[in-house]
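For the sequence shown, the positions run 1 to 488 when my numbering is used. By construction, the Cβ of each residue, glycine as well, lies at the ideal position given by its N, Cα and C atoms. Keep in mind it's a predicted model, so treat the numbers as computed, not measured. Taking it in order: structure first as structure tokens, then the write-up.
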Amino acid sequence: MADPRGFLKVRHRELPPNRPVPVRLQDWRDVHEQLQEGQAFLVAQAGRCMDCGIPFCHNGCPLGNLIPEWNDLVWRGQWADAIERLHATNNFPEFTGRICPAPCETSCVLGINQPPVTIKNIEVSIIDEAFERGWVAPQVPQRLSGHTVAVVGSGPAGLAAAQQLTRAGHTVAVYERDDAIGGLLRYGVPDFKLEKHHIDRRLAQMTAEGTRFRPGVAVGVDVSWSGLRARYDAVVVATGATVPRELRLPGRDLDGVHVAMDYLHQANEVAKGRDVPDQITAAGKHVVVIGGGDTGSDCVGTALRQGAASVTTLAIGRRPPEERPADQPWPTDPVVFEVSSSYEEGGERDYLASTVAFVGDDEGRVRHLRLATTEYQVDGRRAPTPGTERDVPADLVLVCMGFAGPETDLLSQQLGVTLTDRGLVARDETFATTVPGVFVAGDAGRGQSLVVWAIAEGRAAAAAVDAFLMGSTELPAPVTASTTALRA
Ligand SMILES: Cc1cc2nc3c(=O)[nH]c(=O)nc-3n(C[C@H](O)[C@H](O)[C@H](O)COP(=O)(O)OP(=O)(O)OC[C@H]3O[C@@H](n4cnc5c(N)ncnc54)[C@H](O)[C@@H]3O)c2cc1C
Ligand code: SF4
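This is the structure:
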């Protein structure tokens, strides 16, 4: 244990400051200040960890991160040991340490009567320090198995599966239809949350380990799913849940109404220095974002940086409480009112706002959004209250209502995999689909979720693939697929 009295001596949370809003709105760089190793407050925060007999932070984290161990090592200044412990359960702490909502912190035991340990910040400091000092070296397998694996999709699930399988000695190729590797980390999440050099430096390590990358190949179109299965000894489907949930209301087809990913993908390309003809931009426009969540928040930060005239986020439900409500006690992950870095930067938030219609001008461009106040009905359903309609100005409307599931038409036609009744790729407890040798990990099998779950599932699916190819495995499997078990 770091400091037996640490949590009594330091009773508050301390985090590095964000860059000032007027400064960071001028660029796309990370909103956080760069941290230096050994900063006193970081060590003090690590020293607040009580090394609990039953560390609930482990339970909260799908990866089972060894949090008390690396808290202790940071407090002692043993950073090289800390990164070894962190990498033991997490392939990409530089991603989770930046953008994970940190369910470990809401389940931290200290959170019962004090603010929890700043686990996520300690995590990102360990990995940044390790990269800085050159401790993140390629782990080249000593022996090749002679087996080949195709991973389709290069988001966190595909990358985690690929790294585990490459290190186990298999020859792995990652297929990605986009022109760059990274999945939603590359073209969904903006740079101000995750600068892309973090992905590139991890890809350099993976390339040196032997993973092969094939960007610009859409499986099902450029090469058939059945052809891929025939060519490789095993296939991992990690294609994400990319079908947007739509808002089919009058006026949906007007110019200026877009789903979030059409907008964010282009903004990320431009941030990369590309020229995107007819880019969807918020510059000078009244922007309305329908739906909160990570995607909505990312649209707000992007629109503000593009120079929007105004940005309003609409939520159909009530404003969540500021404090953990009684019916969501510790150690659950509660729904509470949060101010992400993007909302800190500006924009308005409107609750109990039901969209009724998109209203356009004679040229077919959206100009207003018709809203009504949400009414909660007896059965809990939500509906617009008659007589409360009002119009708000809207030149750009971004629909951020989440994702319905994966694109599966070609996959099921060409390979015959079974889908669940929710349209996800069905799998058993070990991530195996109904087609022998084909596995699924991440949002494609789980539905829209989080980066930490994608990495956990990628690791677990890799263990299942290794066992399928070799008869047994020593790879860790942090999770089972029990949440979306096979339902034919
Ligand atoms: C805007 C946005 C912000 C988010 N912010 C956060 C956040 O802050 N924190 C968090 O934890 N989570 C966040 N998420 C969710 C998180 O990004 C996803 O849960 C995670 O990326 C899922 O990983 P995945 O590997 O399953 O799929 P993805 O990351 O979606 O990757 C799937 C990849 O497969 C490729 N692909 C699909 N079909 C084919 C094919 N046929 N052939 C070849 N390639 C194919 C796609 O192009 C894509 O690159 C966010 C999501 C969005 C959209
Ligand atoms: S629950 Fe909190 S205090 Fe306990 S071991 Fe985990 S991080 Fe430390």
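Rounded to the nearest whole angstrom, the C-alpha separation of Asp298 and Arg19 is 17 Å. Remark: the C-beta of Pro4 is outside contact range of ligand 2, defined as less than 6 Å to any heavy atom. When distances are taken from the beta-carbon of Val117 to the heavy atoms of ligand 2, the shortest one is below 6 Å. Under a 10 Å Cβ-count criterion, Asn113 is classified as exposed, with fewer than 16 other Cβ atoms of the shown protein chains found around its own Cβ.
Excluding sequence positions up to five before and after Cys61, its CB lies within less than 6 Å of the CB of Cys104, all in the same chain and listed in chain order. According to DSSP, Ile290 shares a beta bridge with Leu314 and Val399. Shown here, Leu25 sits in coil according to DSSP, grouped into three states, outside any helix or strand. Pro156 sits in a helix when the DSSP states are folded into three classes. Set against 6 Å, the gap from the CB of Leu63 to the closest heavy atom of ligand 1 is not smaller.
Taking the Cβ of Ile126 as the reference point, every heavy atom of ligand 2 lies at 6 Å or farther away. At a cut-off of 6 Å, the beta-carbon of Glu338 does not count as near ligand 1: no heavy atom of the ligand is closer than that. Asn268 has no beta-bridge partner at all, per DSSP. Pairing Pro115 with Cys108 gives a Cβ-Cβ distance that is not under 7 Å. Look at Pro68: its beta carbon is less than 6 Å from one of the heavy atoms in ligand 2.
Within the DSSP secondary-structure output, Ala234 pairs in a beta bridge with Val149.
A distance below 7 Å separates the beta carbons of Gly111 and Trp330.
If the five residues before and after Glu375 are omitted, its C-beta is found closer than 6 Å to the C-beta atoms of Ala383 and Thr385, all from its own chain and listed in chain order.
Met1 has its CB no nearer than 6 Å to any heavy atom of ligand 2. The C-alpha of Ala271 lies about 10 Å from the C-alpha of Lys196. With contacts defined by Cβ atoms closer than 7 Å, Ala241 and Phe439 do not form a contacting pair.
Between ligand 2 and Leu411, a heavy atom-to-CB distance of less than 6 Å is absent. At least one heavy atom of ligand 2 lies less than 6 Å from the C-beta of Cys108. When secondary structure is reduced to three states using DSSP, Leu475 falls in the coil class, being assigned neither helix nor strand. At a cut-off of 6 Å, the beta-carbon of Glu176 counts as near ligand 1: some heavy atom of the ligand is closer than that. Its chain contains Gly169 as the residues whose beta carbon lies nearer than 7 Å to that of Arg143, once the 5 sequence neighbours on both sides are disregarded; these appear in chain order. Nearest in C-alpha terms to Ala283, of all of Thr148, Pro250, Leu304 and Lys193, is Leu304. Counting along the chain, Asp350 sits inside no alpha helix (DSSP H); it lies in the beta strand (DSSP E) bounded by residues Glu348 to Asp350. Within the region 189-215, the runs of alpha helix (DSSP H) that reach at least 4 residues and sit entirely inside it are, in chain order, 197-209. About 14 Å separates the CB atoms of Arg167 and Phe92; that is not less than 8 Å, and the two are not in contact.
Distances from the alpha-carbon of Leu159 to those of Leu15, His147, Leu184 and Glu14 put Leu184 closest. Put simply, of Asp362, Glu389, Thr211 and Ile122 the residue whose alpha carbon is nearest the alpha carbon of Pro141 is Thr211. Counting the other Cβ atoms within 10 Å of the Cβ of Lys9 gives fewer than 16, which makes it exposed. In this structure, Asp191 places its C-beta atom within 7 Å of the C-beta atom of Trp28. Under the three-state reduction of DSSP output, Asn90 falls in the coil class, being neither helix nor strand. Nearest neighbour of Thr207 by Cα position, chosen from Leu25, Glu429 and Ala173, turns out to be Ala173. Scanning its chain for C-beta atoms nearer than 7 Å, with the 5 sequence neighbours on each side dropped, one finds around Val219 the residues Val152, Tyr175, Trp225 and Leu228, in chain order.
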